[in-house]
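K.L.:
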Amino acid sequence: MPLSILTVVGARPQFIKAAPVSRALAAKATEFVVNTGQHYDDAMATRFFAELGMETPDLDLGVGSGSHAAQTAAMLIGLEDAMNEVGPDAVLVYGDTNSTLAGALAAAKLNIPVIHVEAGLRSFRRTMPEEVNRVMADHVSEVLLCPTATAVDNLAAEGIRNGVFLVGDVMVDAVHNVLPSVDAGRLERFGLPSRYFAATAHRPVNVDDAGTLRELLGLFAAMPLPVAIAVHPRTQAAMDRHGLDWPETTIALPPLGYLDMLSLVRSSQGLLTDSGGLQKESLLVGTRCIVLRDETEWVETVDAGLATLVGRSTDKALAAVDSLPAPDPGAVEAIFPPGAAVACVDAILEHLT
Ligand code: UD1
Numbered sequence: 001m002p003l004s005i006l007t008v009v010g011a012r013p014q015f016i017k018a019a020p021v022s023r024a025l026a027a028k029a030t031e032f033v034v035n036t037g038q039h040y041d042d043a044m045a046t047r048f049f050a051e052l053g054m055e056t057p058d059l060d061l062g063v064g065s066g067s068h069a070a071q072t073a074a075m076l077i078g079l080e081d082a083m084n085e086v087g088p089d090a091v092l093v094y095g096d097t098n099s100t101l102a103g104a105l106a107a108a109k110l111n112i113p114v115i116h117v118e119a120g121l122r123s124f125r126r127t128m129p130e131e132v133n134r135v136m137a138d139h140v141s142e143v144l145l146c147p148t149a150t151a152v153d154n155l156a157a158e159g160i161r162n163g164v165f166l167v168g169d170v171m172v173d174a175v176h177n178v179l180p181s182v183d184a185g186r187l188e189r190f191g192l193p194s195r196y197f198a199a200t201a202h203r204p205v206n207v208d209d210a211g212t213l214r215e216l217l218g219l220f221a222a223m224p225l226p227v228a229i230a231v232h233p234r235t236q237a238a239m240d241r242h243g244l245d246w247p248e249t250t251i252a253l254p255p256l257g258y259l260d261m262l263s264l265v266r267s268s269q270g271l272l273t274d275s276g277g278l279q280k281e282s283l284l285v286g287t288r289c290i291v292l293r294d295e296t297e298w299v300e301t302v303d304a305g306l307a308t309l310v311g312r313s314t315d316k317a318l319a320a321v322d323s324l325p326a327p328d329p330g331a332v333e334a335i336f337p338p339g340a341a342v343a344c345v346d347a348i349l350e351h352l353t
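Per the working numbering, the sequence shown runs over residues 1 to 353.
1) If you follow the beta strand (DSSP E) that V265 is part of, which residue opens it and which one closes it?
2) Are V172 and F336 closer than 8 Å when you measure CB to CB?
3) Can you tell me whether E31 is helix, strand or coil according to DSSP?
4) Please classify E333 as buried or exposed, where buried requires at least 16 other C-beta atoms within 10 Å of its C-beta.
5) So S181 is in the beta strand (DSSP E); what residue range does that whole segment cover?
6) DSSP puts C146 in a beta bridge; with which residues?
7) Of all the options G120, L225, E130 and V302, which has the alpha carbon lying nearest to the alpha carbon of N154?
8) Measuring CB to CB, does L3 end up less than 8 Å from A27?
9) Please state the DSSP three-state secondary structure of T296.
10) Please list the terminal residues of the continuous alpha helix (DSSP H) segment that includes S323.
11) Count the CB pairs spanning the stretch 252-267 and the stretch 41-53 that are closer than 8 Å, and state whether there are at least three.
12) Just to confirm, are G95 and P13 a CB contact at a threshold of 8 Å?
13) Do the stretch 121-136 and the stretch 101-109 meet, that is, are 3 or more Cβ pairs less than 8 Å apart?
14) Could you spell out where the alpha helix (DSSP H) holding H242 opens and where it closes?
And the structure:
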């Protein structure tokens, strides 16, 4: 009997991570995919399945938005039912969202082994919801698939040494799989200038509060080129709530699909972002990355001089614009080699069969 895996996805970055792993799993295991529905707009969810060549999930719980407790609790109930119904040999979760936590916790309580892709990452900032989610998920996981050596060390520092595999980052495989379709021509409808910075911002610490959001808008306004920002619904909701307008030199775009986003970043003079995923994707498409955070889980990119942390400091961002070189492809590949999806599947089979 092939191994039976129940996979939990729900938020935009999880669709991206799951795509290459599901493909690699197909030959070796049976997979039942549950979408919690944490992200539900076409631009945040459905569009990604088509672009990434994914099957539609087998079950959609339709949980939607809510407070952390309300959202996670609804997921727990739905996922427990699904796990009882399907009876998988293991449950596969990705990353650090509320869907990750709910999947890991529901499975652990049913004594189903948990496999965590992107295990061991730490920002060491417990006020981030993601930090709580990833620490909890790691501590109930049986197979911990780490993207970097730093992640392996982080787990060891917390006493987690069994079932830990260094497999690389599955987002690398996702990017490589779609690169031929990444093309500036996709963006014609937006009428972008020939030279611009790309941007995204959605972290609660940056966008929820009026004061921090104003700082960020000031930073965008001070950039020497127009800033084309793909606006996350959380950020737009905060702009509306606080009665703020985008600076004149900012081009506010709707949430973009995967291919449009990669195209936007690749054709830009640099990316300004607080997203962990885009921090890597930017380097993978050859664009330098200015990180709108004070810390990062992807410390290797900063240590190698490929990305710079500026928080919400306009001065630091302007200095980075002047000094940060285009990423060296060899240096990027040294940190993010391809092949993680297959390595994940090999590790899962080695550990669980
Ligand atoms: C979530 C993850 C975050 C990840 C991000 C990627 C958690 C705690 N956070 O943050 O780690 O980096 O996804 O995008 O799990 N909304 C819509 N349409 C949607 C989805 C959301 O309008 O399809 C709006 C709603 O107002 C919602 C808000 O965005 O309340 C926030 O969504 P939520 O899923 O709670 O968190 P994200 O900020 O998306």
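Where a beta carbon is used, it is the ideal one built from N, C-alpha and C, also for glycine.
P.N.:
With the structure as the only source:
1) From DSSP, V265 is part of no beta strand (DSSP E) but of the alpha helix (DSSP H) over Y258 to R266.
2) Yes, these two residues count as a Cβ contact at 8 Å.
3) Looking at E31 - three-state DSSP - the assignment turns out to be strand.
4) Per the 10 Å Cβ criterion, exposed.
5) S181 -> no beta strand (DSSP E), and no H or E assigned at all.
6) C146 is bridged to L166.
7) Ranking G120, L225, E130 and V302 by Cα distance to N154 puts G120 first.
8) Their beta carbons are not under 8 Å apart, which means L3 does not touch A27 by this criterion.
9) DSSP places T296 outside both helix and strand once states are collapsed to three, so it counts as coil.
10) Looking at the DSSP string, the run of the alpha helix (DSSP H) that includes S323 is T314 to S323.
11) With a cut-off of 8 Å, the stretch 41-53 and the stretch 252-267 count as touching, because enough Cβ pairs lie within range.
12) Their beta carbons are under 8 Å apart, which means G95 touches P13 by this criterion.
13) Between the stretch 121-136 and the stretch 101-109 there are three or more C-beta pairs closer than 8 Å, enough to call the two in contact.
14) It spans P233 to H242 - the alpha helix (DSSP H) in which H242 sits, taken as one unbroken run.
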